[in-house]
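**Q** Supplied in structure tokens, the structure appears directly below.
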Amino acid sequence: MNFVEELRWRGMIHDMMPGTEEQLSKEHTAAYVGIDPTADSLHIGHLVSIMMLKHFQIAGHKPIALIGGATGMIGDPSGKSEERNLLDEPTLRHNQECIKVQLQKFLDFNLESNSAEIVNNYDWMKEFSFLSFLRDVGKHLTVNYMMAKDSVKKRLDGGNGLSFTEFTYQLVQGYDFLHLNQAKNCKLQMGGSDQWGNITTGTELIRRKTGGEAFALTCPLITKADGGKFGKTESGNIWLDPEKTSPYQFYQFWLNCSDVDAEKYIKIFTLLDKETVEKLVAEQAEAAHLRPLQKALAKDITIRVHGENEYNQSLEASEILFGKGTTETLHKLNEATLLSVFEGVPQFEVSIAEVEAGISMPDFLAEKTTIFSSKGEARRMLKENGVAINKEKVGEDATINKSNLLNNKYILVQKGKKNYYLVIVK
RNA sequence: GGGGAGGUACCAGAGCGGUCAAAUGGGGCAGACUGUAAAUCUGUUGGCGCAGCCUUCGGAGGUUCGAAUCCUCCUCUCCCCA
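My numbering runs 176 ahead of the 1-based position in the first sequence.
Okay, structure coming up:
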């Protein structure tokens, strides 16, 4: 199965320039995707294009990850995007290094023929003078062409205006492609479907300026069945960095996907082959409550990103918290297990003296700890039967005292079904 | 530079002198149902010592018994014309 066929059955192709498939079967090709270096970690939103690179490399081609140090400073008008902050160079470099480490979990940087590579467009844009840019790049494309782009048209019609900077964005990104085309013989750019306009500006620029050939391939934007934004939770992005999103939370994110989404995601975010996926889908249809799809998806991607150990711990933690876990089993857990289960769960400290004296529920939840942001909110939730201590629902009038301690120093608080907090009593 | 419109809770958006802690929708959170799903239904969504009080409607003053609502100045945003 070639690269394009592979992506096709996985539902990862939204649009493709004619001739792309031929180019790839003709010779080994280099392709790139752009990544915004706005943080020192990737989040799962980045994963789609990284998986495209991964498949690309598996197919024997050369993947390039372009860190958008320069473009990130400008702000892509495609979709609504807020004004970006200028990153200073040390931050940029730091982010680039961190991202590289994470990319190594997906791409192979030590191959003889088609090693992955990382480049940063800041490196070639920073010395580029405005005049040279106008002469060497701006001259080759007409404003008419640029205005015909959907992303530009939308903003022009929207009544909100479009700054010159944003308008120019496509030229800068287009120049990246031209640069890589000349420097590294890169002939393909991939990205999300929202990037189509920007990518084609690049291919157009290459054609007009050098007469060379270049291609574009985009994947559909990842959506959720309920229309929500993919990869976001109440607490923000799902990061690959375990400091930002614990392996347990990471694992839970995938495990919690709806059935519809899981089937889509497993094709995109894992390398499981068609046969395996089809088997899992069949199993899901038969015994949906066992959620074979979600489990396989969560397992595969958690191991890839965090490793086998972390996966096993997350699995164990999930079983204790959601499975047969009761107050008794919690009391029976030894300290080491307890701590490893709750690694990555928000923690609070309360003094032993206060616990011995007894603390009222609203005080405990909103004052001694910040599990709730106000006592009113805590009370509300208590009334709604939404708070449990050590897996046992409690009411508004309950108090915290010594009998609630697990291993003499821990209290497990549960807000709703899925949010856990560990209070350490000292 | 001239003219116009407008800044209300997480967002969108009503309210235009008292009955406004502020309609409605979306989003969030929780409960029921379930499979840690989806859909649905219900509750809730400023703070507190919670039948009461305190702080909110861009900012600062003012009018009034009483202001999100009226007046003055400031400020920010957007649109149109030059």
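The beta-carbon is built from N, C-alpha and C at its ideal position, and this holds for glycine as well.
Taking contact to mean at least 3 C-beta pairs separated by less than 8 Å, is the stretch 376-383 in contact with the stretch 235-249?
**A** No, the stretch 376-383 does not touch the stretch 235-249.
**Q** Grab the span of the alpha helix (DSSP H) containing glycine 210 for me, first residue to last.
**A** Careful: glycine 210 lies outside any alpha helix (DSSP H), inside the beta strand (DSSP E) at 206-211.
**Q** Excluding the 5 residues preceding and the 5 following glutamate 293 in the sequence, name in chain order all residues of the same chain whose CB lies nearer than 8 Å to its CB.
**A** Closer than 8 Å at the Cβ level, and outside the excluded window around glutamate 293, lie Lys238, Pro239, Ile240, Ala241, Phe285, Lys360.
**Q** In terms of residue numbering, what span does the alpha helix (DSSP H) encompassing alanine 458 cover?
**A** Run containing alanine 458: 450-462, per the alpha helix (DSSP H) assignment.
**Q** Determine the extent of the alpha helix (DSSP H) in which methionine 322 is found, giving its start and end residues.
**A** 319-323 is the extent of the alpha helix (DSSP H) around methionine 322.
**Q** Which residue marks the beginning of the beta strand (DSSP E) containing asparagine 296, and which one marks its end?
**A** Element bounds for asparagine 296: 293-296.
**Q** Taking C-alpha atoms, which residue in Pro538, Thr546, Lys544, Ala564 lies nearest to alanine 552?
**A** Going by the sequence as given, residue 552 is glycine instead of alanine. Checked all of Pro538, Thr546, Lys544, Ala564; the closest Cα to glycine 552 is Pro538.
**Q** Among residues of its own chain, excluding the 5 on either side of leucine 456, which ones have a beta-carbon nearer than 6 Å to its beta-carbon?
**A** So the qualifying residues of the chain are Pro468, Leu469, Ala472.
**Q** Considering only their Cβ atoms, is the gap separating isoleucine 382 from alanine 392 smaller than 7 Å?
**A** No, the pair does not count as a contact, with Cβ atoms beyond the cut-off.
**Q** On the DSSP letters alone, give me the boundaries of the alpha helix (DSSP H) that glutamine 590 sits inside.
**A** Glutamine 590 -> not in any alpha helix (DSSP H); beta strand (DSSP E) instead, spanning 586-591.
**Q** The beta strand (DSSP E) that contains threonine 394, what's its start and end?
**A** Element bounds for threonine 394: 391-395.
**Q** Look at the Cβ atom of serine 225, then the Cβ atom of glycine 367, and state whether they are nearer than 7 Å.
**A** Contact: yes.
**Q** In this structure, what does DSSP give as the bridge partners for alanine 564?
**A** Lys569, Gln590, per the DSSP bridge assignment.
**Q** Return the bridge partner residues of isoleucine 240 from the DSSP annotation.
**A** DSSP lists Tyr208, Glu293 as partners of isoleucine 240.
**Q** List the DSSP bridge partners of methionine 193.
**A** For methionine 193, which the question treats as bridged, DSSP gives no partner whatsoever.
**Q** Go to glutamine 523, then tell me how far its beta strand (DSSP E) extends in each direction, as first and last residue.
**A** Per DSSP, glutamine 523 belongs to the beta strand (DSSP E) from 523-526.
**Q** Within the continuous beta strand (DSSP E) that includes glycine 368, where are the two ends?
**A** Element bounds for glycine 368: 362-368.
**Q** Is it buried or exposed for isoleucine 528, if we count other Cβ within 10 angstroms and need 16 for buried?
**A** That one is exposed.
**Q** Around the Cβ of threonine 318, are there at least 16 other Cβ atoms within 10 angstroms (buried) or fewer (exposed)?
**A** It is exposed - the Cβ of threonine 318 has fewer than 16 other Cβ atoms within 10 Å.
**Q** To the nearest whole angstrom, what separates the beta carbons of tyrosine 597 and alanine 493, a pair I think is in contact under 8 Å?
**A** Not a contact, Cβ separation roughly 14 Å.
**Q** Looking at the secondary structure, which residues open and close the alpha helix (DSSP H) in which isoleucine 636 lies?
**A** Because the chain in this structure spans residues 177 to 602, residue 636 falls outside the shown range and cannot be described.
**Q** Quick one: Cα of phenylalanine 282 to Cα of isoleucine 477, how far?
**A** Phenylalanine 282 and isoleucine 477: Cα-Cα distance of roughly 10 Å.
**Q** Quick one: what does DSSP say isoleucine 398 is sitting in, helix, strand or coil?
**A** The answer is coil: DSSP assigns isoleucine 398 none of H, G, I, E or B.
**Q** Please report the straight-line C-alpha distance between leucine 183 and glutamate 454, rounded to a whole angstrom.
**A** When rounded, the distance between both Cα atoms is 16 Å.
**Q** Between histidine 190 and the rest of its own chain, which residues show a CB-CB distance below 7 Å, the 5 nearest in sequence each way excluded?
**A** Correct list, in chain order: Ser369, Thr394, Cys395, Pro396.
**Q** Reducing DSSP to helix, strand and coil, say where threonine 344 ends up.
**A** Note: threonine 344 maps to helix in three-state DSSP.
**Q** Please confirm if the stretch 345-361 is in contact with the stretch 199-210, defined as three or more CB-CB distances below 8 Å between the two stretches.
**A** The stretch 345-361 is in contact with the stretch 199-210.
**Q** When we look at the beta-carbon of lysine 340 and count the other beta-carbons within 10 Å, is it buried (16 or more) or exposed?
**A** The sequence as given places phenylalanine at residue 340; lysine does not occur at that position. Under this definition phenylalanine 340 is an exposed residue.
**Q** Within 10 angstroms of its Cβ, does glutamate 259 collect 16 or more other Cβ (buried), or is it exposed?
**A** Residue confidence for glutamate 259 is low, a pLDDT of 49 falling below 50, so the modelled location carries little weight and cannot support an answer.
**Q** Confirm, please, whether the CB-CB distance from valine 599 to valine 531 is below 7 Å.
**A** It is not a contact, given that the beta carbons lie outside the stated cut-off.
**Q** So, serine 422 versus glycine 499, is the Cβ gap smaller than 7 Å?
**A** Not closer than 7 Å, so no.
**Q** DSSP beta-bridge partners for tryptophan 415?
**A** His219, per the DSSP bridge assignment.
**Q** Could you spell out the range, first to last residue, of the alpha helix (DSSP H) harbouring serine 305?
**A** First-last for serine 305: undefined, no H or E at that position.
**Q** Of all the options Lys385, Lys329, Phe179, which has the alpha carbon lying nearest to the alpha carbon of threonine 205?
**A** Ranking the options by Cα distance to threonine 205, first place goes to Phe179.
**Q** Secondary structure at isoleucine 547, three-state DSSP: helix, strand or coil?
**A** Here isoleucine 547 sits in coil by DSSP.
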